[in-house]
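A.B. asks: I'd like to ask you about the structure that follows.
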Amino acid sequence: MPVINSDIIKIIDDFAPQTLAEEWDNSGWQLGDPRAKVDKVLLTLDVNAQLLEEAVQEGVQLIISHHPLFFKGFKNIRLDRPEGRLIAGLIKNDIAVYAAHTNLDSAAEGVNHVLAEKLGITEVKTLNPGVPEKLYKLVVFVPVSHIDQVRDAAAGAGAGWIGNYSDCTFQVQGTGTFRPLAGTNPFIGRQGELEKVEEIRLETVVPERLKNNVLTAILKAHPYEEVAYDLYTLANPVSAPGLGRIGKLNTGTSLGELAGRVKSVLNINTVRVGGSTEQPVHKVAVCGGAGASLWKQALSKGADVYITGDIKYHEAQDMLAAGLNFIDAGHFSTEYIILPALYEHLIKVCSEKGFNLEIILSKNQKDVFVYL
1 MPVINSDIIK IIDDFAPQTL AEEWDNSGWQ LGDPRAKVDK VLLTLDVNAQ
51 LLEEAVQEGV QLIISHHPLF FKGFKNIRLD RPEGRLIAGL IKNDIAVYAA
101 HTNLDSAAEG VNHVLAEKLG ITEVKTLNPG VPEKLYKLVV FVPVSHIDQV
151 RDAAAGAGAG WIGNYSDCTF QVQGTGTFRP LAGTNPFIGR QGELEKVEEI
201 RLETVVPERL KNNVLTAILK AHPYEEVAYD LYTLANPVSA PGLGRIGKLN
251 TGTSLGELAG RVKSVLNINT VRVGGSTEQP VHKVAVCGGA GASLWKQALS
301 KGADVYITGD IKYHEAQDML AAGLNFIDAG HFSTEYIILP ALYEHLIKVC
351 SEKGFNLEII LSKNQKDVFV YL
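Each residue of the sequence shown is one higher than the one before, counting from 1 in this note's numbering.
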């Protein structure tokens, strides 16, 4: 079966759900046909003229970017302007574009998770949690012969996640009764006769965004003509993903030493540091990209230092006046680290699904700034 664009985007959405995107953002489909066939995918931070040239040379049909192609509003597409030529080039070469932006920032294993992990930060928590996602308890009654089939279908569609544990279910055996009436075609039993069947009550949890997918999966896997299931809204507290991360360093270090670690991990030569480089730091907050607006959250949660990009002059003054050190490692560098991780994830999942396609990590991505 040929792979289409939406098959790949389903993997991205499972990794970084669109529900995590900020309201002001424009994550999601930017250009192209979700139903078009694809055999080459290009991963990038930005979509620009150099990236288009690379995509054409490589013969890709789908670009997955971090930054949206359409972010600032415009009223026309003119071919005498760079943005118009870029859009025209993508269309002429049948190249679709999909952006995973703030949803990829906030995802459980997204930009900020990778940034914190690479820097050796432990006991990590979300810096700025989003709105918790509603959870449901799904209960479905399954004949003993098909319990593994239905359970695996539910888990495969995303049910049964509790923290870092997958396939979480509860099963108890009992007796189900039903009487098939005229017009039915029962899997078990005969029309007009009361049937008693050994069944298993299967319980699991389902996030709201996956509810329809999970229901579709269990109904397809279940042998019965009419499936008995219950769906309950849960009041369980849920830790909501969100922007930024905060945690601790395993060993005490100075601000200057931490700045050196940042440069080494991000493979950059320069960072901007605010605060005394000799000062010891223990609790660290991070936010990839332009995260300066979250510095007050970092301060309120006890951070000694805040690592992000694009800190403005007056924001830097305010941070230092409030007693918060900072390391500005740049927008590009604090976000680029997600691309190799996303590449590995796509390779793994596509292999598991038997998708025959090539994933390419762009070779033309670089910071727009040159430090002399």
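We put the CB at the ideal spot given by N, CA and C, even for glycine.
Quick check on the DSSP output: what are the complete beta strand (DSSP E) runs of length 3 or more inside the region 45–78, in order along the chain?
C.D. replies: Correct list: 62–65.
A.B. asks: Would you identify the three-state DSSP class for G89, choosing helix, strand or coil?
C.D. replies: Of the three classes helix, strand and coil, the one that applies to G89 here is helix, per DSSP.
A.B. asks: With H, G and I counted as helix, E and B as strand and the rest as coil, what does DSSP make of C168?
C.D. replies: Coil at C168, not helix or strand.
A.B. asks: Are A49 and L90 close, meaning C-beta to C-beta below 8 Å?
C.D. replies: The answer is no: Cβ separation not under 8 Å.
A.B. asks: Along the chain, where does the alpha helix (DSSP H) containing F332 start, and where does it finish?
C.D. replies: Counting along the chain, the alpha helix (DSSP H) containing F332 begins and ends at 331–336.
A.B. asks: Who are the near neighbours of A108 in its chain, counting only those whose CB is closer than 6 Å to its CB and skipping five residues on each side?
C.D. replies: The answer, listed in chain order, is P241.
A.B. asks: How many Å lie between G302 and S65 at the Cα?
C.D. replies: Taking the straight line from one Cα to the other gives about 34 Å.
A.B. asks: I'd like the span of the beta strand (DSSP E) that includes E358, first residue to last.
C.D. replies: Start and end: 358–361.
A.B. asks: Expressed to the nearest angstrom, what Euclidean distance is found between the alpha-carbon atoms of D94 and G28?
C.D. replies: Going by the C-alpha atoms only, they are around 18 Å apart.
A.B. asks: Please say whether A100 and I12 have beta carbons closer to each other than 8 Å?
C.D. replies: A contact, by the Cβ cut-off of 8 Å.
A.B. asks: So if DSSP puts D230 in a beta bridge, which residue, or which two residues, is it bridged to?
C.D. replies: DSSP lists V139 as partners of D230.
A.B. asks: Can you tell me where the beta strand (DSSP E) with V144 in it begins and where it stops?
C.D. replies: No beta strand (DSSP E) holds V144; DSSP gives it neither H nor E.
A.B. asks: In three-state DSSP terms, what is Q297?
C.D. replies: Here Q297 sits in helix by DSSP.
A.B. asks: On a Cα-Cα basis, can you pick out the residue from G289, I359, N5, T308 that is closest to L31?
C.D. replies: Minimum Cα distance to L31 is reached at N5.
A.B. asks: Quick check on the DSSP output: the alpha helix (DSSP H) that includes I8 runs from which residue to which?
C.D. replies: It spans 5–15 - the alpha helix (DSSP H) in which I8 sits, taken as one unbroken run.
A.B. asks: Please name the residue in V172, L51, L104 whose C-alpha comes closest to that of N26.
C.D. replies: For N26, the nearest C-alpha among the options comes from L104.
A.B. asks: With DSSP collapsed to three states, give me the class of V305.
C.D. replies: V305: strand per DSSP, three-state reduction.
A.B. asks: Take I77 as the anchor and find which of P143, E198, A88 has the nearest alpha-carbon.
C.D. replies: It is A88 whose Cα lies nearest to the Cα of I77.
A.B. asks: Looking only at its chain, what residues have a beta carbon closer than 7 Å to the beta carbon of V238, apart from the 5 residues adjacent to it on each side?
C.D. replies: Closer than 7 Å at Cβ, skipping near neighbours: P132, E133, L135.
A.B. asks: From this set, V3, P2, Q18, which residue's C-alpha is nearest L210's C-alpha?
C.D. replies: Out of V3, P2, Q18, Q18 has the C-alpha closest to the C-alpha of L210.
A.B. asks: From G130 to L20, what does the alpha carbon distance come to, in whole angstroms?
C.D. replies: Distance between the alpha carbons of G130 and L20: 7 Å.
A.B. asks: Please confirm if the region 359–371 is in contact with the region 143–150, defined as three or more CB-CB distances below 8 Å between the two stretches.
C.D. replies: Because the criterion of three Cβ pairs below 8 Å is not met, the region 359–371 and the region 143–150 do not touch.
A.B. asks: Can you check which of these residues, I8, A292, S254, is closest to A316 by C-alpha distance?
C.D. replies: Cα-wise, what sits closest to A316 is A292.
A.B. asks: Should L42 and I63 be called a contact, given that it needs their Cβ atoms to be closer than 8 Å?
C.D. replies: Their beta carbons are under 8 Å apart, which means L42 touches I63 by this criterion.
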